[in-house]
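Here is the structure we will look at.
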Amino acid sequence: MKKFLFIGIDFSKSKFDVTVLKSIDQQDFAQAIFLNEKKGFNDFLKWVTKQSNVSKQDWLFCGEHTGLYSRGLTDFLIKKNMFIWLENPLQIKCSWGIKRAKTDKIDSLEIARYALRFEDKAVACKPANKDIESLRLLFAYRGRLVKNKVSLEVSAKETRRVITRDTTSRFIFENSQHDIDRIKKEIEVIETKMHDIIISGQLKENYLLVVTIKGVAMITAIALIIHTNNFEAFKTARQLACYCGVVPFEKSSGTSINKGNHISQLANKEIKTLLTQCARCAVQYDKELAAYYIRKIAQGKKDRIVINNVRNKLIHRIFAVVNNKIPYRENYLNPFLDCA
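The numbering of the sequence shown is this note's numbering, which starts it at 9 and goes up by one.
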């Protein structure tokens, strides 16, 4: 793949800034701003066409993966058979070096330069799976409801505990309970809808395989399907484990710095939290992992370290059942291994 026109896009809520580059040291680059809606998308393509005689086959669009705000233009360009590459925002920002000024125009320029420098790493976005996109929206909505429920529960209980004989505190507590019950019912409806989407579509096979693993329930399985694009975004279990922040990395330098191995804070905290809950459950109900946990604690290992190891084991089990298309079974023996 060799591209000759690089279009950097900086997305925001209502607009997106654009820079068009042909070479890394170009000074007279073109920049513009467009509305982040269908009319703006059409105006954007017409404007890019006027900036160069380069064939559309040789255009490379690049932007940061900003979720909801990058989705509209991405879908539009994919339908037009354009090559658009959405990169991790942190990956792009780490390549900038020291910057004293920051504006949307400057960001779009740096994104265009990033695309030009790292063209060989470009990965074209594919059309979004409708079931996964529906699950993504429902999962995010459920998350907001859960946060609201927890907030109401904590504040209502604390108000009632501290001010025990006041009629106002009783009123707040009772009304909060009504809202909490309503939110619980809404969460149940959302979970039912997510389950129906999973079972009635192409995601069913992998979902049913993942939930055969003890400790891994519906919400974690759905979260993994969403963030891994149904396990197509990562080639190995270790890659997914790194993404979830459960792989320890060495931190040392010279003779004065030797902090040992630590997990990185660069991780998907949402999945990491879910996997922690899975690990806690697994060490209670999975015989192998329960024995492992007890053995390591007896050896003096810290609980958080052992739980992290269990999270890693669960990720490898998940990848194994999905790749082999075999439900998880305890004491499973691979028939292709020589057991003699």
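All C-beta atoms in this analysis are idealised placements derived from N, C-alpha and C, irrespective of residue type, glycine included.
#1: Buried or exposed, going by whether 16 or more other CB atoms sit within 10 Å of the CB of Lys165?
#2: Confirm, please, whether the CB-CB distance from Gly223 to Leu322 is below 8 Å.
#3: Determine the DSSP secondary structure at Pro256, reduced to helix, strand or coil.
#4: In this structure, does DSSP put Thr27 in helix, strand or coil?
#5: With a threshold of 8 Å, are at least 3 pairs of Cβ atoms found where one atom belongs to the segment 36-54 and the other to the segment 67-83?
#6: Extract the residue ranges of the alpha helix (DSSP H) inside the segment 56-139, only unbroken runs of 4 or more that lie entirely within it.
#7: Rounding to the nearest angstrom, what Cα-Cα distance links Thr1 and Met90 in this structure?
#8: With DSSP collapsed to three states, give me the class of Asn332.
#9: Helix, strand or coil: how does DSSP classify Asn238 here?
#10: With DSSP run on the structure shown, which of helix, strand or coil describes Ala261?
#11: Taking the C-alpha atoms as reference points, what is the distance between Lys134 and Trp55?
#12: CA-CA distance, Asp374 and His324?
#13: Can you tell which of Asp294, Phe179, Phe24, Asn317 has the C-alpha that lies nearest to the C-alpha of Val254?
#14: I need the straight-line Cα distance from Ile92 to Asp66, nearest angstrom please.
#15: Strictly by DSSP, which residues pair up with Ala38?
#16: Using a Cβ distance threshold of 8 Å, determine whether the segment 141-151 contacts the segment 224-238, with at least three qualifying pairs required.
#17: For Arg288 and Ile326, I'd like the C-alpha separation in whole angstroms.
#18: Keeping to the same chain, check which residues put their C-beta closer than 8 Å to that of Phe126; ignore five residues upstream and five downstream.
#19: Look at the Cβ atom of Ala130, then the Cβ atom of Leu68, and state whether they are nearer than 8 Å.
#20: In chain order, what residues of the same chain lie with their CB nearer than 6 Å to the CB of Thr74, ignoring the 5 residues before and after it?
#21: Classify Ser63 as buried or exposed, calling it buried when 16 or more other Cβ atoms lie within 10 Å of its own Cβ.
#22: Looking only at C-alpha atoms, which of Val219, Glu258, Leu211, Ile221 sits nearest to Phe239?
#23: Give me whichever residues DSSP pairs with Ile205 in a beta bridge.
#24: Verify whether the separation of the beta carbon atoms of Lys280 and Cys252 is less than 8 Å.
#25: Drop a sphere of 10 angstroms on the beta-carbon of Arg319, count the other beta-carbons inside from all chains shown, and report buried for 16 or more, exposed for fewer.
#26: Sort out for me which residues DSSP pairs His270 with in a bridge.
#27: Please go through the same chain and pick out, in chain order, the residues whose beta-carbon is closer than 7 Å to the beta-carbon of Ile41, but skip the five residues on each side of it.
#28: For Ile205, tell me which candidate among Ser184, Ser142, Thr167 has the shortest Cα-Cα distance.
#29: Using alpha carbons as the reference points, say which of Asp294, Arg303, Lys304 lies closest to Arg337.
Quick look at the numbers:
#1: Classification for Lys165: exposed.
#2: In terms of Cβ geometry, Leu322 and Gly223 form a close pair [threshold 8 Å].
#3: strand
#4: strand
#5: yes
#6: 76-87, 97-102, 112-125
#7: With the chain running from 9 to 348 in the structure shown, residue 1 is simply not present.
#8: helix
#9: coil
#10: Checking the sequence, you will find Ser at residue 261 rather than Ala. When secondary structure is reduced to three states using DSSP, Ser261 falls in the strand class.
#11: The alpha-carbon atoms of Lys134 and Trp55 are separated by roughly 24 Å.
#12: Since the first residue of the chain shown is 9 and the last is 348, residue 374 is not available in this structure.
#13: Asn317
#14: Distance between the alpha carbons of Ile92 and Asp66: 11 Å.
#15: Val28
#16: Touching, per the Cβ criterion.
#17: 16 Å
#18: Ser103
#19: yes
#20: Phe19
#21: exposed
#22: Nearest option by C-alpha distance: Leu211.
#23: Beta-bridge partners of Ile205 (DSSP): none assigned.
#24: Contact: yes.
#25: buried
#26: Phe257
#27: In chain order, Lys23, Asp25 place their CB closer than 7 Å to the CB of Ile41, counting only its own chain and leaving out the 5 sequence neighbours on each side.
#28: Ser142
#29: Asp294
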